[in-house]
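Asks:
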Amino acid sequence: MFRSSELVSIDCKHVHFTSDGRGVMVYVPSSKTDQAGEGAWVFIAACQEQPQLCPVRALQQIISRVGGTGPVFRAEGSSTPLSKTTVGVRLHKALAAAAIPNWELYGAHSLRRGGATYAVHKGVSIRQVMTMGRWRSDVVREYLYAAPSEMWEAADCMQHD
């Protein structure tokens, strides 16, 4: 659940893959809610069941392609990091290429909101989601999306003793 500004600031030296294949730890040196610049670690688990969708594997490939030094996310054929506005543009291109319906409705921030919502749906506590997303307040609760089917389920529950 990275912010665009965090993604574009990740350097190859901030990425540490676990030796056991469990995942990767990414150091975020500073963020919107880290004005003191203390930094934070983000843990990303490997997806063994669907290697073609594994973020750890994709990150390994990107780092290999860029030569293992400098910004992880950079302009093609350059050592210049992407701008945070470019993240959304690239996301749109990737979603369109993958034929995702209504791809134009998504933005870089959608990944953050969707990540928080998915984590809560998988049973991750709000406190852990706040830590994972580097939220310092309960504003994360405003990010959580409830599908109409979930709202109907909640409404139905209220009708039973």
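Positions 17 to 177 (our numbering) are the ones given, in order, by the sequence shown.
Using N, Cα and C, we set each Cβ at its ideal position, and we do this for glycine too.
#1: With a threshold of 16 other CB atoms inside 10 Å of the CB of S47, please say whether the residue is buried or exposed.
#2: If we ignore side chains and look at the alpha-carbon of each, how far apart do E120 and Q51 end up?
#3: Under the three-state reduction of DSSP, which class applies to M41: helix, strand or coil?
#4: Short check: CB of A138 to CB of S20, under 9 Å?
#5: Spatial neighbours of Y159 within its chain, please: CB distance less than 8 Å, with the 5 preceding and 5 following residues excluded, ordered by chain position.
#6: Spatial neighbours of R38 within its chain, please: CB distance less than 8 Å, with the 5 preceding and 5 following residues excluded, ordered by chain position.
#7: Below 8 Å, is the gap between the Cβ of D154 and the nearest heavy atom of the ligand FMN?
#8: Could you tell me whether the Cβ of S141 comes closer than 9 Å to any Cβ of chain D?
#9: Identify, in the order they occur along the chain, each residue of the same chain with its Cβ nearer than 6 Å to the Cβ of P45, setting aside the five sequence neighbours on each side.
#10: When the Cβ atoms of the region 91-98 are set against those of the region 63-79, are three or more pairs found closer than 8 Å?
#11: When DSSP builds the beta bridges, which residues end up paired with H32?
#12: Could you pull out every residue in the same chain whose Cβ sits closer than 8 Å to the Cβ of V136, ignoring the five residues on either side in sequence?
#13: Would you call the CB atoms of V24 and L98 closer than 9 Å?
#14: How many Å lie between V105 and P87 at the Cα?
#15: Taking a contact to mean a Cβ-Cβ separation below 9 Å, would you say V140 touches M148 in this structure?
Replies: Straight from the coordinates:
#1: buried
#2: 32 Å
#3: strand
#4: Checking the sequence shown, residue 138 turns out to be Lys, not Ala. Their beta carbons are not under 9 Å apart, which means K138 does not touch S20 by this criterion.
#5: R128, R129, A132, T133
#6: A61, A62
#7: The model depicted lacks the ligand FMN and carries no ligand whatsoever.
#8: Considering every chain present, this structure includes no chain D. It has just one protein chain.
#9: G55
#10: no
#11: M41
#12: I142, V145, L160
#13: yes
#14: 18 Å
#15: yes
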